[in-house]
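Reading the sequence shown from the start, the letters are residues 1227 to 1356 in our numbering.
Everything on this sheet refers to the single structure shown next.
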Amino acid sequence: MLDAAWNREDSPYNAWIDRDERFLLFCMEGEGSVGPIDYWVSFRNPGDSWGEPVNLGDRVNQPDQRATSISLAPDGRFLFFARASFEPERFTEDGRLSFDAILEGHSSPWNGSMNIWWVDASFIESLRTP
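Below, the structure is given as structure tokens:
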């Protein structure tokens, strides 16, 4: 059961729970974020409560991304997530994108639209604090 600590201004959303209910993955804005909206994990405690959110770090979170969706492969080996961002080198010094940069980047994976990414999920358990 999620307690009152989860009912907050930066409420988690698009949550996904491990099939063995060991941890909960979700999107959330908040203190300690790498980007505007990051991917986080909360581990299940022995008393069936959920621990404080832990940021998944730069394996999946980037400064210019907005996290939207996350899940684990059925065998638990891979973490899948969506990311929308532009290649950093396309931005001008004042943080803007030119129309030409948008057109040029439109067909690349870093085109500002959602793309599906995946990483080895074995790092998740290493984020659990004893």
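We put the CB at the ideal spot given by N, CA and C, even for glycine.
Because the structure is a prediction, the values reported are computed rather than measured.
If you look at residue 1250, you'll find it in the beta strand (DSSP E) that goes 1249-1254.
When the five nearest sequence neighbours on each side are left out, the beta carbons in the same chain lying within less than 8 Å of the beta carbon of residue 1270 are those of 1247, 1248, 1249, 1250, 1276, 1277, in order along the chain.
For residue 1276, no beta strand (DSSP E) segment is defined, and its DSSP state is neither H nor E. Residue 1265 is positioned such that its CB atom lies no closer than 7 Å to that of residue 1240. Here residue 1268 has 1250, 1276, 1277, 1279 as same chain residues with Cβ atoms under 6 Å from its own Cβ, once five neighbours each way along the sequence are excluded. Rounded to whole angstroms, the separation of the alpha carbons of residue 1329 and residue 1260 is 27 Å.
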